[in-house]
Amino acid sequence: MIKFGPAGNSDSFYAQGYKSSLDMPAWLHNMSLTAYEYSLARGARLRPELAVRLGEKALEQGICVSVHAPYYINLASDDPSAIQKSEGYILDTSQTASLLGARRVVLHPGSVGQNSRKHAFANVKRNLEQIIIKLKQAKLDVALCPETMGKKNQIGSLDETLELCLLDPSMIPTLDFGHLHAVDGGALIHEQDYRRIFERLLAVLGEERGRTIHIHYSRIEFTEKGGEKKHWTYSDTAYGPEFEPLAQCLNEYGMSATVICESRGTMAEDAMTLKKIYDRIREDYLFRLENI
Ligand SMILES: [Zn+2]
């Protein structure tokens with residue numbers, strides 16, 4: 036089962052005269068999309084009554100909502116007050132996610148800063164473990180989804196992300212294929228490059244658990260030195276990574292995934308394009324199975 040949808044609201048949604056995200060679920064349903072990532076990237080709070088209403092509308096329209104936690108979370112820090120703040124943001128985001136009926140909370144773990152990478156990662160791991168205990172105490176049934184990051188100085192390589200997910204069975208990795216491509220200077224070219232990621236995922240999380248993932252996808256510009264520079268749209272074909280090999284892997288490995296498109300401005304339209312590509316690959320595969 037693969038769900039497709041946008042991160043946030045497309046430019047065309049506003050161009051058509053809509054103003055409120057409350058109209059998004061019906062708008063997405065009309066486009067045959069089934070997922071929606073609501074961004075709390077610039078603040079963990081959404082008025083509770085608004086969150087509940089949006090959650091109800093999403094449920095009515097068969098839209099699976101996920102939430103993106105604030106960008107300024109940094110669990111790699113040595114500063115206890117900074118950690119306390121980040122912890123508060125994650126708890127607030129999870130509270131809002133619950134009101135929205137969203138289970139998945141995507142988060143950026145933190146940046147390496149002045150520390151060694153090893154030290155920064157150990158901090159993230161320890162802090163995340165504490166936060167998961169607090170989420171359980173607060174009876175917030177969310178799945179924290181740490182993301183693979185696109186800049187070299189951020190915690191969130193593929194291996195780090197998978198290791199974080201081993202902290203608790205509730206956790207789900209967010210594989211951002213734009214980031215995975217950008218951080219290694221354009222690493223995703225051949226189908227084999229994508230397949231290596233899926234093999235690693237299943238080796239670390241196991242054949243069963245490893246099949247449930249969250250995905251971010253967009254074409255991306257990067258620099259050799261720092262990694263991620265800018266997200267582009269699907270029609271900006273000068274930039275990779277390509278989606279076809281990813282769709283092939285999703286089908287071949289029998290994945291259960293939500294694919295969130297993070298194109299600039301055209302995220303919903305591009306999510307539709309991604310869905311069409313996947314559906315075509317899936318149909319071809321089923322056709323071949325029947326005709327063996
Ligand atoms: Zn993100």
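Our numbering numbers the first residue of the sequence shown as 36 and each following residue consecutively. Where is the CB? At the ideal position from N, CA and C, for every residue including glycine. Note that the coordinates shown come from a computational prediction; the quantities given were computed from them, not determined experimentally.
Our two residues, A86 and T131, have alpha carbons roughly 7 Å apart in a direct line. Taking the Cβ of E198 as the reference point, every heavy atom of ligand 1 lies at 7 Å or farther away.
Put simply, the backbone Cα of Q51 is about 14 Å away from that of A61. Judged by pairs of C-beta atoms under 8 Å, the region 91-101 does not touch the region 110-124, as fewer than three such pairs exist.
By the neighbour-count criterion, in which a residue is buried when 16 or more other Cβ atoms sit within 10 angstroms of its Cβ, A173 is exposed. Pairing S101 with V159 gives a Cβ-Cβ distance that is not under 8 Å. For E195, the Cβ stays outside the 7 Å cut-off from all heavy atoms of ligand 1. Collapsing the DSSP output to three states places H249 in a strand. Going by beta carbons, I224 and L210 fall outside the 8 Å limit. Nearest to E318 by alpha-carbon distance, out of L179, A282, D228, is A282. By the C-beta density criterion, D305 is buried, having at least 16 other C-beta atoms within 10 angstroms.
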